[in-house]
Amino acid sequence: MVKLEKIVNAKREKVFDVFSNYEMFSKIMPEYYSSITRRSSRDNVSIVAEHLKLLDEEFVIMVKHTIIPYDTHESIVVGGDVKGSYIKENFSSSADNTLLQVEAEIKQKSCKKLMNIIKKKDFDDALNEMINKLIKIAES
Numbered sequence: 101m102v103k104l105e106k107i108v109n110a111k112r113e114k115v116f117d118v119f120s121n122y123e124m125f126s127k128i129m130p131e132y133y134s135s136i137t138r139r140s141s142r143d144n145v146s147i148v149a150e151h152l153k154l155l156d157e158e159f160v161i162m163v164k165h166t167i168i169p170y171d172t173h174e175s176i177v178v179g180g181d182v183k184g185s186y187i188k189e190n191f192s193s194s195a196d197n198t199l200l201q202v203e204a205e206i207k208q209k210s211c212k213k214l215m216n217i218i219k220k221k222d223f224d225d226a227l228n229e230m231i232n233k234l235i236k237i238a239e240s
């Protein structure tokens, strides 16, 4: 499991809007997401088909996104290559900044292909890089 804490130099609402706008990820982070298609949506929960590129491999996944403005964005992989994996982002105000807390886990049993090509540190670094890109967008 990966746990990160970052201070973002932007208001919580803006940071939350960037991190929870998963439908824009293929436009703002095409190196990670080649396509994203919302399959269904009800209230604050959506099921989304995603093509995730991570460490030179592409994974086809079905993700349940749960959004609680402006506090939490949780992504749980409910089908596909890394089923059972998740990323949970919590947002809290800190003066004019935002404290971003990220918890993520990739389920090894569900994706031997991924575990054969990467080490845990490589995954941690790739996740950190992706989060830093979103932070730069939020801070701009």
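Positions in the sequence shown are counted from 1; adding 100 to them yields our numbering. Yeah, the Cβ is synthetic: ideal placement off N, Cα and C, and Gly gets one too. It should be emphasised that the depicted structure is a prediction, and the values quoted were computed from it without experimental measurement.
Distance from the Cα of E150 is smallest, within the candidate group D156, K236, R139, for R139.
Taking C-beta atoms as the reference points, V115 and T198 count as a pair closer than 8 angstroms. Counting only the Cα atoms, V148 lies some 12 angstroms from G180.
The beta-carbon separation of A238 and L155, rounded to 24 angstroms, does not stay under the 8 angstroms limit for a contact. Runs of the beta strand (DSSP E) lying entirely within the stretch 121-197 and spanning at least 3 residues, in chain order: 133-142, 145-154, 157-168, 172-180, 186-194. Annotated three-state conformation of K103 is strand, per DSSP. Minimum Cα-Cα distance from G184 among the listed residues E131, D224, S175, D117 corresponds to S175. A distance below 6 angstroms between beta-carbons, with the five flanking residues on each side excluded, links E113 to the following residues of its chain, in chain order: Y170. Counting other Cβ atoms within 10 Å of its Cβ, I128 stays below 16 and is therefore classed as exposed. Between the alpha carbons of K236 and F119 lies a gap of roughly 11 angstroms. With respect to K103, E203 sits close: the two C-beta atoms are nearer than 8 angstroms. In this structure, DSSP gives A110 a state outside helix and strand, which the three-state scheme calls coil. Contact annotation, V163 with V145: C-beta distance approximately 11 angstroms; criterion of less than 8 angstroms not satisfied.
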